[in-house]
Structures are given as C-alpha cells and as structure tokens.
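Heads up, the thing below is written out as structure tokens.
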Amino acid sequence: MHRCDRRDVAEEEEEEEFSLAQKKQLVMEAELKQVLNDLDSLKHSLLDPSHHAPIDKLQSRIEHLTTLAKSEPVRRSKVKDMSAEVVDSNPYSRLMALQRMGIVQNYERIREFSVAIVGIGGVGSVAAEMLTRCGIGRLLLYDYDKVELANMNRLFFRPEQVGMTKTDAAVQTLSDINPDVVLESYTLNITTVQGFETFMSSLKNKYFRPAKEGSGVDLVLSCVDNYEARMAVNQACNELNQTWMESGVSEDAVSGHIQLLIPGETACFACAPPLVVASGVDERTLKREGVCAASLPTTMGVVAGLLVQNTLKLLLQFGHVSLYLGYNSLKDYFPTMEMRPNPQCSNAACLERQKEYILAKPARDAAAKTKMEAEALLATEIPLHADNEWNISVVDDSELEKTYATGSGPADALPEGLTHELPSADEFQKFPDADTTTATIDDLEELRKQLDALNA
Amino acid sequence: MEGWDPNTKSTLTQIPLLATKAGPRDGATWTQRLKEEYKALIAYTQMNKSNDNDWFRISAANPEGTRWTGKCWYVHNLLKYEFDLQFDIPVTYPSTAPEIELPQLDGKTQKMYRGGKICLTVHFKPLWAKNCPRFGIAHALCLGLAPWLAAEIPILVDSGMIKHKDDATSSTDS
Ligand SMILES: [Zn+2]
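Note that the protein sequences, when read in sequence, are chains A and B.
Quick note on numbering: the UniProt record's numbering labels position 280 of the first sequence as 280, and the sequence is numbered without any gaps.
Quick note on numbering: the UniProt record's numbering labels position 64 of the second sequence as 64, and the sequence is numbered without any gaps.
In structure tokens, the structure reads:
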C-alpha cells in the first residue's frame with residue numbers, strides 16, 4: 001500500500017523527470033524549426049513582396065520563442081555545509097544570521113533532525129515547506145489522500161498536481177525548493193492496522209542518525225483533521241515514548257491550536273477530551289447543513305506558523321516552548337495553558353510512561369541542580385549585562401493555567417476561551433444482564449455462522 | 001440523548017451493549033470483543049427483520065475481523081436504493097468509532113469526507129465517546145449510518161445525483 005522515497009530513490013525519479021523534460025524541449029525546438037521553414041516557403045510562394053513584412057515579423061517572433069525554449073530550468077545543487085557567508089547564492093545565510101545575532105546557539109544542528117509530519121493538508125504541507133526552507137535534515141510525510149481542485153483554497157499544492165498523492169506532490173515541490181532535505185513519502189492511512197504498523201516501523205528506523213537515542217525521529221507533528229487519526233498518533237507516540245505536537249483548525253475555520261505532548265510528562269491526547277478554542281460562535285447558530293467543514297488559507301497558515309515556530313524552539317533550544325497555544329481569529333485571542341497527565345487515563349501506554357516519569361524524578365532533579373549550579377558559576381564569572389536578566393529563562397507559572405487532565409474534571413476549570421470537544425466516557429459500568437441473555441453461544445465461528453445465516 | 005429522533009433512540013436501547021474494551025492490536029481480548037460485536041450485530045439484525053426494517057448486511061472481510069464489508073439500502077418513494085458499505089476497525093477502537101464508507105457515493109455529496117466516509121452529525125461523536133466501550137459496530141450503524149441515509153438519500157435522489165438501478169444508466173449498483 002505505501003511507498004517510501006528515500007533520497008536515492010527520489011533522485012533517480014528526478015533524473016527520469018529531467019530527461020522527460022529534455023525530450024519535450026527537443027520536440028518543441030523541432031516543431032518551432034518546422035514552423036520557420038513553413039513560413040519561409042510561404043514567403044517565397046508569395047508574388048506580392050508587400051506581404052513579406054508581416055511574415056518576417058512572425059519569423060522573428062518564432063526565433064525568440066526558440067531561444068526561450070532552449071533555456072533550461074534552474075535547479076540548485078546540494079550544499080555540503082551550511083555557510084553563514086552573506087552572498088546571493090547561499091540559501092542559508094539569513095538562517096545562519098540567527099546564530100550570529102545570538103538567538104540560536106547552533107543553527108546547523110537543524111540538519112541532524114528528523115521530523116515526521118502526519119497529514120499533508122492545509123497545515124501539514126505548509127509546515128513541511130517551512131521546515132524544508134529552514135534546512136531540516138529529514139522529513140517523513142504521511143497521507144493517504146490525493147491532491148484535488150477543492151484543496152486550492154489552501155496554500156502549497158498547485159493545480160497541475162491534481163490527481164497526484166499528496167505525499168508525492170509534496171516531495172516533488174519540496175525537493176525542488178531544497179534538495180538538501182531527505183524526504184520520505186508514505187501513502188497510507190495510519191488508523192488501519194496495516195498502516196499503523198508501517199507508521200510505527202518507519203518512526204523506529206534509525207538509519208539517518210544511528211547514534212540517536214530513542215526512536216528514529218526527533219519530533220512527530222500531527223496535522224490531521226480528525227479525532228481518529230490524532231488518537232492513532234497518540235497511541236504510536238505513547239508506545240514509542242516519542243515527543244509530538246498536535247495541531248488543529250476548527251471546522252468553522254476561524255480558530256485553531258497547537259499542543260506539545262511529552263509522554264508521561266504532559267497530558268496525552270487520551271488523558272482528557274480534546275481541548276479546542278471556542279470560536280465564540282453559538283453552536284446553535286452555526287449553520288452546518290450541506291457542508292462538513294470550511295477552511296481558510298489564513299487560519300491554516302497561522303497555525304502552521306505557530307506549529308513550526310514551536311518546533312524550531314524545541315529542537316534548537318531557544319525561547320519558551322508552548323505546551324498549549326490556542327488561536328481565536330475572531331477575537332485575536334491566544335489562550336495558553338498546560339495539562340498534567342491523567343492518572344486514570346484510558347491509554348495503557350500513557351500510564352506506563354507516567355510511571356517511568358515519576359521513577360525518573362530523582363535523576364531529573366539532580367540534573368536540574370547541576371545545571372543550575374553551572375549556570376550560577378557562569379553568572380558569577382561573567383558579569384551580567386544590564387538587560388541580560390531576560391536571558392534567564394524562568395517560566396512564569398502564574399501566567400499559565402495549569403489543569404489536571406482528569407477525565408471527570410469540571411469544564412469550568414479551563415481557562416477562558418477553551419472548551420472540551422467531546423465528553424469523557426461515563427463511569428465504566430458492566431452490564432451483566434446484557435451479556436448473559438445471549439451468552440449461550442461463546443464460540444467465534446458459531447457467531448460468525450449465525451450472522452451469515454441472517455445475512456443470507 | 002438530545003438531538004436524536006425517538007425512533008433511533010428506542011432502537012438503540014434494544015441493541016445489546018458491549019463490555020470489553022479492546023482494539024484489533026489487543027490479541028485475545030480483541031477476540032472477546034469480536035464475540036460481543038457479533039452478538040450485538042445478530043441481535044440488531046434480528047430486531048430489524050422482525051420490525052420489517054431490514055436495511056443492511058455486514059460481515060467481516062478478514063479472519064481478524066478488522067475490515068468489514070456489506071450492503072445497505074434505503075427506500076425512497078417506494079424505490080430501493082442499495083449501496084456498498086465498508087469500514088476498517090481503527091487501531092484505537094473502541095475509543096474512536098469506525099469511519100463508515102459508502103464508496104459509490106464518493107464525490108456526490110458534501111456530507112462526505114474523501115474516500116466516501118460519511119460525515120456524521122455533531123451528536124454522534126460525543127455520544128460515542130460517552131459510551132465507550134459499550135457501543136460497537138451495531139451502534140455505529142444505528143446512530144451513524146441510518147440517520148445519514150435517511151437525511152441524504154432523499155436529497156441525492158431528488159437532485160438527480162443518484163438514479164434508481166432500473167432507470168437506465170445507473171451508477172448506484174455498479
Ligand atoms: Zn494519557
């Protein structure tokens with residue numbers, strides 16, 4: 001079902017594409033030459049020389065077209081090392097300037113990172129382009145869908161890509177923009193048993209950076225548009241102990257959010273019903289008849305920007321990484337909060353990660369202490385500049401609303417402007433009556449036959 | 001159960017509830033869950049037949065019971081419209097409901113996601129979430145597909161998007 005394009009595979013395809021383009025060019029040149037010849041014979045067959053002028057004009061236009069057809073498409077070659085040199089031909093000069101300005105310590109590290117993007121739609125494709133332009137090391141792209149004309153109100157995909165799988169179309173565009181990025185395309189549905197297995201094994205593959213601890217990727221970005229796929233990403237990341245970020249745009253296209261999920265440390269996606277930004281539009285006045293969902297390139301672009309900004313801050317370790325950041329476009333309101341894991345989470349892998357996190361607390365505390373002492377030492381050695389106090393990143397917890405993600409928690413514990421999308425499961429009750437009434441048969445094959453008999 | 005018609009409500013309450021919370025990756029407990037799914041489907045089918053409201057056929061398309069295929073139909077103006085029906089059991093089942101697909105209607109209605117997945121009402125997912133793990137395939141058909149067919153098929157027929165199979169070149173029974 002799926003296809004995986006590693007760099008080498010992608011390159012072969014590019015060559016093929018290129019020779020096809022060359023063939024087209026040769027055909028076009030031959031055709032234009034023929035037109036010139038035809039015009040020449042026409043000119044000679046005309047007795048009245050006053051008609052020669054317009055034919056000469058036509059010929060010169062064709063000659064111009066011929067030179068245009070000969071010009072080859074511009075493709076940049078790969079860059080071995082990221083250079084900070086400020087020249088027109090350096091694609092990374094403005095990014096490396098971040099390092100010179102002291103915003104980022106070591107920008108080049110970006111080439112070591114692998115990011116998996118699940119869902120290459122209005123948010124995922126734009127996030128992929130941003131990371132590609134930033135020079136990310138490797139991108140893994142997952143989607144089962146094809147490009148359609150109905151997607152053209154969003155960014156990234158072009159009309160001529162209609163009919164291609166979104167992952168292949170994305171690889172086509174992204175490899176043109178930045179050939180340095182290793183791109184992998186997975187055309188599959190991660191919610192099915194088979195798709196999920198391929199998803200998991202692709203995340204585990206460490207060929208890109210064998211020495212890396214944990215899985216084969218540094219971050220998973222969920223850019224899907226439905227609860228089912230988010231729950232599948234959550235399942236995989238809980239099992240792999242993989243940090244991930246969730247993103248979403250509301251079905252009415254006017255609000256969105258991003259969320260950082262660190263298994264065991266923050267609430268997982270199943271710890272509490274999904275948290276969404278209330279658009280402020282009354283559900284009862286929202287007209288849903290005849291449509292499933294609306295979308296805007298603006299809201300999706302903003303959410304993709306927030307998502308990749310948070311990704312860069314997390315990977316390159318600068319600034320404050322948001323745990324939850326909402327966006328209400330109608331009010332231009334950005335609520336933030338953080339959620340702790342639910343000790344009664346329904347997801348078994350989440351509970352395991354929570355246990356590990358608690359067990360690792362002494363080691364974590366010791367590491368934090370060492371770090372603080374080292375920083376204090378550094379601070380005494382080097383006199384601080386007056387406005388260097390801003391460099392000491394003390395997260396002001398009072399600004400963030402903390403919530404325990406207990407499923408039964410009251411909705412009014414949420415910060416203003418946020419709401420749960422779904423209710424929690426009711427208290428689990430067993431219904432022995434429902435079970436015993438039909439419990440006479442307990443053989444799967446028998447039951448299957450019984451249903452088949454009814455279906456006949 | 002706000003937002004549901006009384007008929008759907010009363011039918012729903014008669015479908016046996018399930019007890020095992022297990023998905024297709026859970027081994028032996030999934031087999032247990034599968035048995036409960038069959039029991040609920042058998043009871044629901046029997047109930048529909050005895051109420052003269054038989055409207056679907058469904059059976060597992062693989063031994064693991066992770067893919068299901070069948071038919072469903074709807075009678076409008078005394079004519080029967082029949083469609084292929086299919087869905088996969090998601091890896092996160094039963095926390096998430098199966099996404100029911102009617103591939104023959106893909107692209108014919110706005111009330112559908114890509115691939116022919118039906119667009120459920122705002123009431124479905126909250127009710128499913130609240131009742132996890134007690135709702136199963138039978139409940140998804142009763143709460144998801146039945147109301148969808150009742151709402152969309154008359155519109156599709158009246159607008160000419162689908163034609164009855166006896167009406168010359170039809171696309172409904174291809
Ligand atoms: Zn959890």
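All C-beta atoms in this analysis are idealised placements derived from N, C-alpha and C, irrespective of residue type, glycine included.
None of these values were measured; they are calculated from a predicted model.
Chain A contact for residue i (CB, 7 Å cutoff)
| i | result |
| --- | --- |
| residue 132 of chain B | yes |
| residue 57 of chain B | yes |
| residue 42 of chain B | yes |
| residue 35 of chain B | yes |
| residue 88 of chain B | yes |
| residue 129 of chain B | yes |
| residue 80 of chain B | no |
| residue 149 of chain B | no |
| residue 66 of chain B | yes |
| residue 95 of chain B | yes |
| residue 63 of chain B | no |
Span of the beta strand (DSSP E) around residue i
| i | result |
| --- | --- |
| residue 86 of chain B | 79-88 |
| residue 185 of chain A | 182-187 |
| residue 277 of chain A | 275-277 |
| residue 264 of chain A | Element bounds for residue 264 of chain A: n/a, residue is neither H nor E. |
| residue 115 of chain A | 114-118 |
| residue 4 of chain B | Segment: none, residue 4 of chain B is in no beta strand (DSSP E) and carries neither H nor E. |
| residue 338 of chain A | 337-340 |
| residue 326 of chain A | 324-328 |
Endpoints, alpha helix (DSSP H) assigned at residue i
| i | result |
| --- | --- |
| residue 148 of chain B | 146-158 |
| residue 230 of chain A | 227-240 |
| residue 18 of chain B | Here residue 18 of chain B belongs to no alpha helix (DSSP H), and DSSP marks it neither H nor E. |
| residue 47 of chain B | 28-50 |
| residue 357 of chain A | 348-359 |
| residue 168 of chain A | 166-177 |
| residue 62 of chain A | 52-70 |
Residue closest to residue i, alpha-carbon to alpha-carbon, out of the options
| i | options | result |
| --- | --- | --- |
| residue 102 of chain A | A/293, A/78 and A/319 | A/319 |
| residue 191 of chain A | A/219, A/156 and A/236 | A/236 |
| residue 40 of chain B | B/130, B/63, B/62 and B/13 | B/13 |
| residue 115 of chain B | A/148, A/44 and A/84 | A/148 |
| residue 297 of chain A | A/35, A/173 and A/124 | A/124 |
| residue 148 of chain B | B/121, B/162, B/128 and B/131 | B/121 |
| residue 243 of chain B | B/57, B/4 and B/64 | Residue 243 of chain B is absent from the structure shown; chain B starts at 1 and stops at 174. |
| residue 167 of chain A | A/121, A/454, A/130 and A/222 | A/121 |
| residue 184 of chain A | A/193, A/199 and A/150 | A/199 |
| residue 162 of chain B | B/92, B/113, B/83 and B/137 | B/83 |
| residue 16 of chain B | B/3, B/31, B/6 and B/46 | B/46 |
| residue 25 of chain A | A/48, A/41 and A/65 | A/65 |
| residue 54 of chain B | B/150, B/73, B/77 and B/119 | B/73 |
| residue 91 of chain A | A/56, A/134, A/100 and A/129 | A/134 |
| residue 245 of chain A | A/144, A/268, A/76 and A/171 | A/268 |
| residue 116 of chain A | A/223, A/357 and A/351 | A/223 |
| residue 193 of chain A | B/113, B/7 and B/24 | B/24 |
| residue 350 of chain A | A/238, A/334 and A/247 | A/238 |
| residue 155 of chain B | B/81, B/136, B/138 and B/9 | B/81 |
Check whether residue i and residue j have beta carbons under 7 Å apart
| i | j | result |
| --- | --- | --- |
| residue 423 of chain A | residue 126 of chain B | yes |
| residue 67 of chain B | residue 52 of chain B | no |
| residue 11 of chain B | residue 36 of chain B | no |
| residue 96 of chain B | residue 103 of chain B | no |
| residue 276 of chain A | residue 416 of chain A | no |
| residue 323 of chain A | residue 260 of chain A | yes |
| residue 27 of chain A | residue 62 of chain A | no |
| residue 181 of chain A | residue 243 of chain A | no |
| residue 303 of chain A | residue 233 of chain A | no |
| residue 205 of chain A | residue 195 of chain A | no |
| residue 300 of chain A | residue 92 of chain B | no |
| residue 175 of chain A | residue 138 of chain A | no |
| residue 321 of chain A | residue 130 of chain A | no |
| residue 142 of chain A | residue 207 of chain A | no |
| residue 264 of chain A | residue 356 of chain A | yes |
| residue 188 of chain A | residue 144 of chain A | yes |
| residue 179 of chain A | residue 80 of chain A | no |
Residue-chain proximity (residue i, chain B), Cβ-Cβ < 7 Å
| i | result |
| --- | --- |
| residue 232 of chain A | yes |
| residue 196 of chain A | yes |
| residue 6 of chain A | Confidence at residue 6 of chain A is low in this model, with a pLDDT of 49, below 50, so its placement is unreliable and the value that follows should be read with caution. Answer no: the Cβ-Cβ gap between residue 6 of chain A and chain B never drops below 7 Å. |
| residue 456 of chain A | no |
| residue 423 of chain A | yes |
| residue 193 of chain A | yes |
| residue 168 of chain A | no |
| residue 431 of chain A | In this prediction, residue 431 of chain A scores a pLDDT of 45, lower than 50, which makes its location untrustworthy; no coordinate-derived value is stated. |
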